[in-house]
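Q: Chains L and Y, in that order, give the protein sequences. Per numbering that gives the first Met the number 0: the first sequence ends with 517, consecutive numbering throughout. Per numbering that gives the first Met the number 0: the second sequence ends with 156, consecutive numbering throughout. Here it is, the structure in full.
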Amino acid sequence: MTLRFYISRDAGSEAVGIDDILAALTAAAKSKTVEIEIIRTGSRGLYWAEPLIEVATPAGRVAYGPLDVADVPSVLDAAMSGGEHPKRLGLTEEIPWLKRQTRLTFARCGIVDPRSLEDYRAHGGYKGLERAISLGPEAIVEEVVQSGLRGRGGAGFPTGIKWRTVAQTIAAQKYIVCNADEGDSGTFADRMIMEGDPFVLIEGMTIAGIAVGATKGYVYIRSEYPHAVAAMEAAVRAARRGGMLGANVGGSDYPFDIEVRMGAGAYVCGEETSLLESLEGRRGIVRAKPPLPAHKGLFGKPTVINNVISLASVPVVLAEGAAQYRDLGMGRSRGTMPIQLAGVAQFGGLFETAFGVTLGELVDDIGGGTWTGRPVRAVQVGGPLGAYFPRALFDTPFDYEAFAARDGLIGHAGVVVFDDTVNMARQARFAMEFCAIESCGKCTPCRIGSTRGVETMDRIIRNENRSANLVVLEDLCNTMKFGSLCALGGFTPYPVMSALTHFPEDFGASPTRLQAAE
Amino acid sequence: MPAYEPWDSARAAAVIADHAGMEGGTLPIFHALQEMFGYVPEAAIPMVAEALNLSRAEVHGVVTFYHDFRREPAGRHVLKLCRAEACQAAGGDALAARAESRLGVAMGETTADGRVTLEATYCLGLCATAPSAMLDGRVAGRLDEGRLDALVSEAQR
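Next comes the structure, spelled out in structure tokens:
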């Protein structure tokens with residue numbers, strides 16, 4: 000009998016030693032003369048339990064983790080006998096942390112072989128495209144509008160409305176651009192889906208192409224993600240070979256093809272107009288809007304530019320229908336959001352769930368507090384441009400409008416947990432420093448404001464004319480917020496001002512405490 | 000470790016020609032040159048400008064805008080430490096200071112023996128297993144002092 004193992008090839012799994020586990024498993028199987036078969040998958044997103052391996056059983060896949068190399072021989076014995084093992088987590092699908100999720104966009108991630116088009120189809124892949132082809136362009140756009148899907152990159156603009164604008168713009172050439180420049184710290188959903196289920200992104204982009212009349216798509220992936228670049232390139236080649244990209248997509252009359260491009264370490268290229276400049280081969284300098292990319296985008300042509308998760312959510316919307324997606328969520332935030340728990344969260348990983356879960360549930364209940372054992376003091380939601388929230392705001396539901404109402408943003412849904420060793424004045428300084436490092440330099444509030452912000456924070460931290468400098472800081476933040484061309488300069492005030500508002504003691508209200516927190 | 004070729008204008012010209020037909024091919028060309036030579040040599044700038052019908056100033060502007068493109072060769076090994084918020088929360092700042100002191104260089108510098116370049120990176124997307132690092136393209140997470148020291152020693156070999 001051959002034992003079949005499923006082992007992640009995700010970068011996050013590699014980072015915690017999955018390759019050593021795989022080597023140990025192969026060696027143990029050889030010495031015990033057990034026949035094993037290895038299928039490389041993406042990650043389930045249970046990073047807290049990784050390195051994790053799964054073995055196929057008649058009841059389903061059984062997971063073991065987090066593993067040390069020394070565990071492997073006894074895990075192999077347990078897998079053969081079906082017996083107990085201290086690292087046995089039971090049936091993967093029954094692990095409470097996974098079971099309580101609503102996985103739509105990530106339905107296949109960690110389950111399928113990301114290099115196999117056949118496996119993708121066998122797990123429901125391309126059902127959305129099939130329905131899209133039968134519906135035709137106008138009905139696809141209508142379906143996406145009705146689903147309530149909003150941009151998952153951070154801005155939350157309705158995806159269907161963007162598509163309709165491009166569809167209604169007359170041009171000989173249009174483009175679909177996938178923004179895979181996931182630079183926000185605390186986020187890894189784009190990376191995971193590209194590494195673990197790349198065909199769902201290809202399918203989503205193909206549907207977008209048919210909907211708006213675009214025949215060419217680009218995936219712009221940041222260079223910090225070499226695993227994702229390799230996975231997407233392999234998937235694009237497989238899709239071409241399988242007739243799912245090319246002159247007749249899926250045997251239809253629609254042509255569509257995709258090219259993978261790599262960024263070069265500029266955070267600002269996650270801003271859509273900078274990304275377009277970069278794709279055109281120029282410095283990633285922000286463009287003033289209007290014109291909107293939907294009217295004049297890549298190479299001056301009408302362009303749909305969407306985040307990875309927005310596009311990867313389209314196939315399930317089409318396959319299951321808009322109503323099923325729209326029925327999840329709260330308020331104007333419909334469907335599910337792949338939330339990423341990071342920093343010192345005890346149970347860090349990817350948690351896809353309907354909008355409406357509160358920040359407190361995410362951090363304390365799902366995230367399990369901290370692995371340092373110290374109390375949670377602050378969380379930053381939405382990356383380096385997102386606000387820091389204290390425990391007092393943990394009743395905030397995960398919803399675009401609810402976060403905005405409290406001067407925060409959900410962004411790309413990264414939640415970075417900090418314990419009580421954090422110094423919030425230092426975090427505010429870092430927000431300004433990061434903006435200074437990454438500013439494209441086009442607009443003055445961002446280019447100059449961020450550097451002045453670092454200097455001002457340094458004076459505040461040194462207790463140099465503190466009250467006057469806090470006034471300067473607030474004034475700088477207002478100038479940046481209302482005067483910057485894009486979200487980099489415009490949103491850097493969120494982490495700065497939220498740190499100051501919610502944690503004033505770190506800014507000198509109690510200088511002894513400031514020193515204690517060092 | 001990656002093995003790079005010494006500068007060769009004919010080889011560079013071939014790489015540039017391979018990509019010259021791409022729309023907006025500047026970044027792919029620089030990536031390809033850097034993969035071949037380990038950096039983007041100054042001598043390549045006018046060649047790229049000529050091939051893409053751009054001014055040298057424009058090409059210089061592009062190559063200097065992006066953090067990835069090196070203007071001089073890096074050390075034999077490149078150790079990138081993530082300095083972004085999720086890694087900061089998990090003690091990344093102290094590890095970065097430790098790496099700097101063990102190697103005797105600041106972020107962005109190369110050791111005097113040319114063995115190791117230490118660089119800051121802003122997010123490797125390994126935020127649930129922070130702090131994280133990348134040594135010559137291989138990722139490492141859940142760093143503590145011991146694991147960091149092992150990476151530093153490996154880079155110094």
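Note that beta-carbon positions come from the ideal geometry of N, C-alpha and C, so glycine has one too.
Assign residue 37(Y) to one of three DSSP states: helix, strand, or coil.
A: coil
Q: Select from the segment 101 to 127 of chain Y all residues with a C-beta closer than 7 Å to any C-beta belonging to chain L, and list them in chain order.
A: 120, 121, 122, 123, 124, 125, 126, 127
Q: What residues in its chain sit with their C-beta under 6 Å from that of residue 147(L), if we drop five residues either side in the sequence?
A: 325, 333
Q: Count the other CB atoms, across all protein chains shown, that sit within 10 Å of the CB of residue 56(Y); report buried if there are 16 or more and exposed otherwise.
A: exposed
Q: Give me the subset of the segment 44 to 68 of chain Y whose CB atoms are less than 8 Å from a CB atom of chain L, sorted by chain position.
A: 51, 57, 60, 61, 64, 65, 66, 67, 68
Q: Could one say the Cβ of residue 240(L) lies closer than 8 Å to chain Y's Cβ atoms, at least one of them?
A: no
Q: Answer yes or no: does any C-beta atom of chain Y fall closer than 8 Å to that of residue 467(L)?
A: no
Q: Could you tell me which of 164(L), 86(L), 438(L), 275(L) sits nearest to residue 67(L), measuring between CA atoms?
A: 86(L)
Q: Does residue 138(Y) come within less than 8 Å of chain L when only Cβ atoms are used?
A: Chain L, which has a Cβ nearer than 8 Å to the Cβ of residue 138(Y), makes this yes.
Q: Applying the criterion that 16 or more other CB atoms from any shown protein chain within 10 Å of the CB defines a buried residue, is residue 16(Y) buried or exposed?
A: exposed
Q: Within 8 Å (strictly less), CB to CB, does residue 266(L) reach chain Y?
A: yes
Q: Do you know offhand how far residue 513(L)'s Cα is from residue 502(L)'s?
A: Model confidence at residue 513(L) stands at a pLDDT of 40, short of 50, so the residue's coordinates are unreliable and nothing is read from them.
Q: Spell out whether any CB of chain L is found under 8 Å from the CB atom of residue 22(Y).
A: yes
Q: Could you tell me which of 240(L), 392(L), 269(L), 217(L) sits nearest to residue 302(L), measuring between CA atoms?
A: The shortest CA-to-CA distance from residue 302(L) to any of 240(L), 392(L), 269(L), 217(L) is the one to 217(L).
Q: Return the residues of the segment 411 to 430 of chain L that lie within a Cβ-Cβ distance of less than 8 Å from chain Y, sorted by chain order.
A: 413, 415, 416, 417, 418, 421, 426, 429
Q: Taking residue 410(L) as the reference, which of 426(L), 419(L), 386(L), 428(L) has the closest Cα?
A: 386(L)
Q: Looking at the C-beta of residue 7(L), does it have a partner C-beta in chain Y at a distance below 8 Å?
A: With 8 Å as the cut-off, residue 7(L) does not count as an interface residue toward chain Y.
Q: To which residues of the same chain is residue 70(Y) closer than 8 Å at the C-beta, ignoring the five residues directly before and after it?
A: 38, 39, 41, 62, 63
Q: Give me the Cα-Cα distance between residue 5(Y) and residue 188(L), rounded to the nearest whole angstrom.
A: 39 Å
Q: Checking contacts by CB at 8 Å: is residue 281(L) closer than that to chain Y?
A: yes
Q: Take residue 127(L) as the anchor and find which of 315(L), 214(L), 453(L), 290(L) has the nearest alpha-carbon.
A: Nearest C-alpha to residue 127(L): 315(L).
Q: Taking the straight line between their C-alpha atoms, what separation do you get for residue 193(L) and residue 372(L)?
A: 33 Å
Q: Starting from the N-terminal side, write out each stretch of the beta strand (DSSP E) that is 3 residues or longer and does not extend beyond the segment 250 to 328 of chain L.
A: 256 to 261, 302 to 306
Q: Against chain L, with Cβ distances strictly below 8 Å, would residue 97(Y) count as a contact?
A: Contact of residue 97(Y) with chain L is not assigned, every C-beta pair being separated by 8 Å or more.
Q: In this structure, does DSSP put residue 121(Y) in helix, strand or coil?
A: coil
Q: Check for me: the alpha helix (DSSP H) holding residue 481(L) runs from which residue to which?
A: Element bounds for residue 481(L): 465 to 482.
Q: By alpha-carbon positions, which one of 24(L), 34(L), 54(L), 108(L) ends up nearest to residue 69(L)?
A: 24(L)
Q: So which residues of chain L does residue 30(Y) contact, with C-beta pairs closer than 9 Å?
A: 222, 261, 263
Q: May I have the straight-line CA-CA distance separating residue 515(L) from residue 125(L), to the nearest angstrom?
A: Because residue 515(L) sits at a pLDDT of 40, beneath the cut-off of 50, its placement in the model cannot be relied upon, and the following sentence gives the value as read from the coordinates. If you take the alpha carbons of residue 515(L) and residue 125(L), they lie about 57 Å apart.
Q: Return no unless some Cβ of chain L is closer than 8 Å to the Cβ of residue 26(Y).
A: yes
Q: Give me the chain Y residues within the contact set of residue 375(L), using Cβ-Cβ distance strictly less than 8 Å, ordered along the chain.
A: Neighbours of residue 375(L) on chain Y: none; closest Cβ ~10 Å, over 8 Å.
Q: Please report the distance separating the alpha-carbon of residue 106(L) from that of residue 164(L).
A: 30 Å
Q: Helix, strand or coil for residue 345(L)? Go by DSSP, reduced to three states.
A: coil
Q: Around the C-beta of residue 244(L), are 16 or more other C-beta atoms found within 10 angstroms, so that it is buried, or is it exposed?
A: Per the 10 Å Cβ criterion, buried.
Q: Using a Cβ-Cβ distance under 8 Å, would residue 152(Y) count as near chain L?
A: no
Q: Where does residue 8(L) sit, in a helix, a strand or coil, going by DSSP?
A: coil
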